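What follows is a set of notes on a single structure, which appears directly below.
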Amino acid sequence: MQSPAGSAVRDVLNAWNPIGVIEHGVPADEYDCLIAPLLRRLAAGADAAGIAAFLRAELAGHFGLDPDPLDPDPDPLGVDAVATRLAALGR
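Read in order, the letters of the sequence shown are residues 0 to 90 in numbering that gives the first Met the number 0.
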């Protein structure tokens, strides 16, 4: 059973769904590997920029998502918006 903070982080991550699997019946724990590191960062006072850097590293390293450097959208995966939502949970 997760803490309320862990559940809130899970809700944000699942709503974001960066690899697009939640709507295809993948278990709701798909992004749970990110929850504990995010909670530690939030407890340490991480800001949205720090959270965004962590998420980008995890998306590339763990999930194999690396945005096309030629894409004109500077944030095609919406990392900045999600990081802002997550940072607000730590306040």
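Using N, Cα and C, we set each Cβ at its ideal position, and we do this for glycine too.
Since this is a predicted model, take the numbers as computed values, not measurements.
The alpha helix (DSSP H) enclosing residue i, as first and last residue numbers
| i | result |
| --- | --- |
| residue 50 | 47-60 |
| residue 84 | 78-88 |
| residue 34 | 34-42 |
| residue 70 | Taken as a continuous stretch (DSSP letters only), residue 70 belongs to no alpha helix (DSSP H), as it is neither H nor E. |
| residue 27 | Residue 27 -> no alpha helix (DSSP H), and no H or E assigned at all. |
Given residue i as reference, the closest of the options once Cα atoms are compared
| i | options | result |
| --- | --- | --- |
| residue 64 | 13, 9 and 17 | 17 |
| residue 27 | 43, 14, 38 and 44 | 14 |
| residue 38 | 7, 77, 74 and 76 | 7 |
| residue 77 | 90, 35, 60 and 47 | 47 |
Integer-rounded CB distance, given that residue j should sit under 8 Å from residue i
| i | j | result |
| --- | --- | --- |
| residue 45 | residue 89 | 7 Å |
When the Cβ atoms of the stretch 73-87 are set against those of the stretch 43-59, are three or more pairs found closer than 8 Å? yes
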